[in-house]
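Going down the list, the sequences are from chains A and B. Residues in the first sequence are numbered consecutively from 1, following UniProt numbering. Residues in the second sequence are numbered consecutively from 1, following UniProt numbering. Note that beta-carbon positions come from the ideal geometry of N, C-alpha and C, so glycine has one too. Bear in mind that the values here come from a model prediction, so they are computed numbers and not experimental data.
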Amino acid sequence: MIKFFLMVNKQGQTRLSKYYEHVEINKRTLLETEVIKSCLSRSSEQCSFIEYKDFKLIYRQYAALFIVVGVNDTENEMAIYEFIHNFVEVLDDYFSRVSELDVSFFSAVNQVFHSTWQRTG
Amino acid sequence: MCRDLATEVEKLLLQPSAYVRKKAVLTAVHMIRKVPELSNIFLPPCAQLLHEHHHGVLLGTIMLITELCERSPAALKHFRKMVPQLVHILRTLVTTGYSTEHSISGVSDPFLQVQILRLLRILGRNHEESSETMNDLLAQVATNTDTSRNAGNAVLFETVLTIMDIRSAAGLRVLAVNILGRFLLNSDRNIRYVALTSLLRLVQSDHSAVQRHRPTVVECLREPDGSLSRRALELSLALVNSSNVRAMTQELQGFLESCPPDLQADCASGILLAAERFAPTKRWHIDTTLRVLMTAGTHVRDDAVANLTQLIGGAQELHAYSVRRLYSALAEDISQQPLVQVAAWCIGEYGDLLLEGSCEETEPLQVEEEEVLALLERVLQSHMSLPATRGYALTALMKLSTRLRGDNNRIRQVVSVYGSCLDVELQQRAVEYNTLFRKYDHMRAAILEKIPLVERGGSQADEEAKESKETAQLSEAAPVPTEPQASKLLDLLDLLDGPSGDAQHPPPLDPTPGGALIHLLNLPCAPPPPAPIPNLKVFEREGLQLNLSFVRPPGTRTLLLITVTATNTSGGDVTHFICQAAVPKSFQLQLQAPSGDTVPAQGGLPTTQLLRILNPKKAPLRLKLRLTYNHFGQSVQEIFEVNNLPVETWQ
């Protein structure tokens, strides 16, 4: 089950965040900084799946933006990996060559995400 | 809120607009997650929704069914009937050609496929019939999926997971393992990661199949990636068995040298465990443990030292070999604490073998006595040594004093220096050893004999407990006054048999840190048995005498047995004789029945009565007696306190 979905840039600013399990507001920032720290410390040679506390993080880097999904043990990591890429492709189509600015300024991203999310479970 | 709106949502599930239906299904999924009792509302529409063409709704339905099945066994049974239908859906998905709307890099709707596979997994778990229906389909999916892109790999991975979980045919399982093996060879790290994770799950059930991929797994140990190497380590440790133990240990030791510190502890304990279970020879076992200690000494578990000492102690033929290896290891490096502890112990025990000079199994090593002593002194003085290590080294030095042929001045010097050490443990040991040199020199050789093999008892604490139990079982004489500066009680043991050189029954000597008792041998002078306490005459009146006799049984220190003896030297009988006693509150008194209540005249048979007094607090004994009897026609009652009780009655 997916616990959360984050889009964070390299400086640690969260561009998009969706939580599917209740996490308190003040804990969210903490969680996001920790998650981005663990993702940043990985080199390009290491695999995209990290074990973090009691769930797994699956991340993908697109230029300066990290897309991180936190899942519990029952999920198929490869499928989530595909899902991230699928989402990015959809965004690309929607905004015609999407960039981080688009993500930060357009609330439509939320909508797009929702639709893709429903589409892919 | 969910309960109120559940019925509304159910109605919306059947709306004509696909978009509304999709949203409704997703809402239903979230509702089930929050409130599982609503499942009976959402059960009926599912069957109909499975006929959907719209993939979005279909996907949502599958998710809904998955949630329902996970949360309620009744739903599970209900949906098992739909397995053929699901199989059909999946088959059409896989076999239909390219469809622009749903395909991702050549695979048609991988997300739907993955979801259906997951549902099939849940339905087929522990259920023969459904599993059989799925077998063909799974084989088909496994062989037909295009693996050049990640989407295909994702579907394949889910297939493998499903095969592993349901009651699949043996051939299918082998197929699954082979797929995972292929994943392992893939250059993409993500795929290798998932493969390693799944193989770890499989290794319990399909051990032989996974063994075939052992070389690849071992390759993965060399990955720079932390998560990959951790998984590879776990899997390699699970794959070690008696036939491949030598090769695997070699690989694992290579890994130990280069791996990051957080993995070192796991790796070291894993190697030691594997060595313990599958060691082909004792020498190999000692070698392996030594090597692990030298590489990762600081990260091994605490009982590794105990295990190794026991191992060496048990392998008699390897004493010379081990002591040499340990000596050379110690000479190079004295920073790894467990290694230093074992080496110090070994050198202490088998120092004579070290100096003998010849051993076929290692290169000839000429070691001088002075070198050995210098090394042990270095260990003692090094700031890197833990207090426990210092204890080991000091005891080893002491043992060497009997093993070496030279004079002991150097050792005596060191020992006396440490007599004023700040560390209490060390100081105590040093002082005791010093006294051993000065006062009990004749006993030194016997005390510092070789240790017999201790029984395998698990942790260090267990071994110490066993040691103390052993000593309790051996016969003890009465305790002896303590050594002037030592605070612990020294138990004397009777010498069991034979001269001190007898290797069969040497008395145990405990070198473990946190020092337990030191047992001195009891040679010619045994302490005398406790002196008997004199009888006490407490009462005399008109010929009737009362005598108290005291016995302190040797086993219990707090018990006192008093026998009251009444003798009658007068002319008349004493009848209805009753004796009662009273003691202070901290004591416990038990009066036993008297032998009779008549004390016959003219020195006849005396009446005796037994008093048992328990004195747990060792307080001074006070005793009051009350006598009632008839004598010469008069009834007499006497109450008096017993004075002049000897000190030995209560000390």
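The beta carbon of V203 (chain B) lies closer than 8 Å to those of V210, L235, A238, L239 in the same chain, with the five residues before and after it left out.
Close CB contacts of V245 (chain B) within its chain, under the 8 Å cut and outside five residues either way in sequence, are with A274, A275, F278, A279, P280 (chain order). Per the Cβ contact rule, the segment 549 to 556 of chain B is not in contact with the segment 632 to 642 of chain B (fewer than 3 Cβ pairs under 8 Å).
Contact between D225 (chain B) and C39 (chain A) is absent: CB atoms are separated by about 14 Å, not below the 8 Å threshold. Annotated as distal: V71 (chain A) and K18 (chain A), with beta-carbon spacing of 8 Å or more.
Your pair I62 (chain B) and L119 (chain B) checks out as a contact, with CB atoms roughly 5 Å apart and the cut at 8 Å. R21 (chain B) places its beta carbon less than 8 Å from that of V57 (chain B).
Pairing A28 (chain B) with L5 (chain B) gives a Cβ-Cβ distance that is not under 8 Å.
Proximity of chain A to P260 (chain B) at the Cβ level (cut-off 9 Å) is not reached, the minimal Cβ distance being about 13 Å.
Boundaries cannot be given for C47 (chain A), as no beta strand (DSSP E) includes it and DSSP labels it neither H nor E.
Nearest to S198 (chain B) by C-alpha distance, out of A:F106, A:H85, A:E75, is A:E75. Selection A:N86, A:R15, A:V103, A:Y81 evaluated against R189 (chain B) yields A:Y81 as nearest (Cα-Cα). F106 (chain A): not part of any alpha helix (DSSP H); DSSP gives it neither H nor E.
Taking a Cβ-Cβ threshold of 8 Å, none of the residues of chain B is close to C39 (chain A); the smallest such distance is about 13 Å. Between H319 (chain B) and L293 (chain B), the C-beta gap is not smaller than 8 Å, which leaves the two residues out of contact.
The Cβ of E158 (chain B) sits closer than 8 Å to at least one Cβ of chain A. Under the DSSP assignment, N126 (chain B) falls outside any alpha helix (DSSP H); it carries neither an H nor an E label.
Three or more beta-carbon pairs separated by less than 8 Å are not found between the segment 51 to 61 of chain A and the segment 20 to 27 of chain A, which leaves the two stretches without contact. Annotation: the segment 278 to 353 of chain B contains the following complete segments of the alpha helix (DSSP H) (minimum length 4 residues), in chain order: 282 to 296, 303 to 314, 319 to 332. When secondary structure is reduced to three states using DSSP, N434 (chain B) falls in the helix class. Look at S227 (chain B): its C-beta is under 8 Å from a C-beta on chain A. Interface with chain B (8 Å Cβ-Cβ cutoff): I25 (chain A) is excluded. For the segment 49 to 73 of chain A, residues whose beta-carbon sits nearer than 8 Å to a beta-carbon of chain B comprise F49, I50, E51.
Across the structure, I334 (chain B) and L30 (chain A) are spaced so that their CA atoms are roughly 44 Å apart. Assignment of Y94 (chain A) by DSSP, reduced to helix, strand and coil, places it in the helix class.
Within a 10 Å sphere around the beta-carbon of V647 (chain B) sit fewer than 16 other beta-carbons, which makes this residue exposed. For T162 (chain B), no pairing in a beta bridge is given by DSSP.
In the structure shown, Q634 (chain B) falls within a strand segment according to DSSP collapsed to helix, strand and coil.
Excluding five sequence positions before and after I639 (chain B), the CB atoms of its chain that fall closer than 6 Å to its own CB belong to R626, given in chain order. Sequence-distant Cβ neighbours of F577 (chain B) in its own chain, meaning closer than 7 Å and more than five residues away, are A566, D597, T598, V599, T607, Y629.
Around the beta-carbon of S130 (chain B), 16 or more other beta-carbon atoms lie within 10 Å, marking it buried. Looking at the DSSP output, K537 (chain B) shares a beta bridge with B:N547.
Listed along chain A, the residues sitting closer than 9 Å to Y193 (chain B) by beta-carbon distance are C47, S48, F49, E77. Proximity of chain B to F83 (chain A) at the Cβ level (cut-off 8 Å) is accounted for by F111, in chain order. With a threshold of 8 Å between beta carbons, N144 (chain B) makes no contact with chain A.
Here the alpha carbon of H299 (chain B) sits roughly 53 Å from the alpha carbon of L93 (chain B).
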